[in-house]
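Novice:
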Amino acid sequence: MTPKVIINPAAGQGAAGKAWPGIAARLRAALGEIDISQTAQAGEETALARQALAAGHNHFIAVGGDGTMNGVLNGIMGEDGTMAHDAVRLSVIPAGTSNELPRALGFHGNVDGAIDAIASGREQRIDLLQADCVGLDAAPHRHYGVLSIAWGGVAEVTYRTNQAGLLKKLGGRFSYYINALMVALTYPKRHGDVDIDDRQMTDLLHYAGLICNLEILGGGMRLAPGADHTDGIANLVLFKDIPRRDIIVQKPSWLFEGHHIEHPEIDYIPGRAFSVTGSPEARVDADGETIGYLPLKVKTLKGALRVIG
1 MTPKVIINPA AGQGAAGKAW PGIAARLRAA LGEIDISQTA QAGEETALAR QALAAGHNHF
61 IAVGGDGTMN GVLNGIMGED GTMAHDAVRL SVIPAGTSNE LPRALGFHGN VDGAIDAIAS
121 GREQRIDLLQ ADCVGLDAAP HRHYGVLSIA WGGVAEVTYR TNQAGLLKKL GGRFSYYINA
181 LMVALTYPKR HGDVDIDDRQ MTDLLHYAGL ICNLEILGGG MRLAPGADHT DGIANLVLFK
241 DIPRRDIIVQ KPSWLFEGHH IEHPEIDYIP GRAFSVTGSP EARVDADGET IGYLPLKVKT
301 LKGALRVIG
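Following this note's numbering from start to finish, the sequence shown increments by one per residue and tops out at 309.
1) Would you list the one or two residues that DSSP bridges to M201?
2) So, is G22 buried or exposed, given that buried needs 16 or more other C-beta atoms within 10 angstroms?
3) Determine the burial state of G12: buried for a count of at least 16 other Cβ atoms within 10 Å of its Cβ, exposed for fewer.
4) How would you write the range of the alpha helix (DSSP H) that L147 sits in, first residue to last?
5) DSSP on L214, reduced to helix/strand/coil?
6) So, is H85 buried or exposed, given that buried needs 16 or more other C-beta atoms within 10 angstroms?
7) Pick out the complete alpha helix (DSSP H) segments inside the segment 51 to 85, 4 residues or longer, and give them in chain order.
8) Which residues bound the alpha helix (DSSP H) around K299?
9) Given a threshold of 16 other Cβ atoms within 10 Å of its Cβ, counted over all protein chains shown, does M77 qualify as buried or as exposed?
10) Quick check: what's the CA-CA separation for W151 versus R306?
11) Could you tell me the distance, in whole angstroms, from the CA atom of S279 to the CA atom of D116?
12) Can you tell me which of the three DSSP states I34 falls into?
13) Could you check which residue in M201, I6, S175 and Q124 has the C-alpha nearest to that of I61?
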């Protein structure tokens, strides 16, 4: 069966669509025949991947950004935390605003490098994060992430950025920074319970939490210093009762160099299983896509994702 390519032409503010003819030509030159589907609306990647899976495709190539990758991923995963079947593999070609999995794989922003890696047949196994929360339709929802699972203020920034409209047209990263500033100024800290493996924190006043599988996220920020996406361990960055001023006045290096974990009101805790309860209004996101609300349970799945590239 030919590789199934799912391209999101809207990724990167339309940059993926403009680059697609060249990417398609290079893919055909490297792999031969390919089967292509283009998304027509946001979030369609999951349904397209499921349809292709039912048709017998095993190798899926996501062309776009982190959101495109996550959509395809959730189309090829089973409910039990394993890929739909043993032959399924995922590849990614960076063509979006944020391309953090390609960065971790060693070809961030390099389309030719990604295609060469896919053509080589090199296979890697990467940990996944399995998240269970209240879905957007108020029903129980299970979702998988490669990069991170977030709640509270961090997830609110993602939601506002994706809803930004005119502001987003000025650039995805610019929109993200503006919304991050506004959320830092206005988002309320809330009480909740946070459990990590056997450690329990009860009635904890906090601003946000971010469970990281990768070390570098959000366009180059070292949010989880030392994180290893192959060790079966995730790293929780927990923003507790941190003064708003401390968030706003920091230099970019605070996050880009990983100095934020030195702040006394930020905990950095490794773990394999996480549970969060709190305000039912607190949003949850996976890989930068809003998926629902608290309460939330997350567990790591060591080596669950098989990647070619």
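Think of the CB as a built atom: it goes at the ideal place given N, C-alpha and C, for glycine as much as any other residue.
Since we're looking at a predicted model, the values are computed, not measured.
Specialist: On the basis of the coordinates in this document:
1) V194
2) exposed
3) buried
4) Per DSSP, L147 lies in no alpha helix (DSSP H) and is assigned neither H nor E.
5) coil
6) exposed
7) Within the segment 51 to 85, the complete alpha helix (DSSP H) runs of at least 4 residues fall at 66 to 76.
8) Per DSSP, K299 belongs to no alpha helix (DSSP H); it is in the beta strand (DSSP E), E289 to I308.
9) buried
10) 27 Å
11) If I take the Cα positions, the gap works out to 46 Å.
12) coil
13) I6
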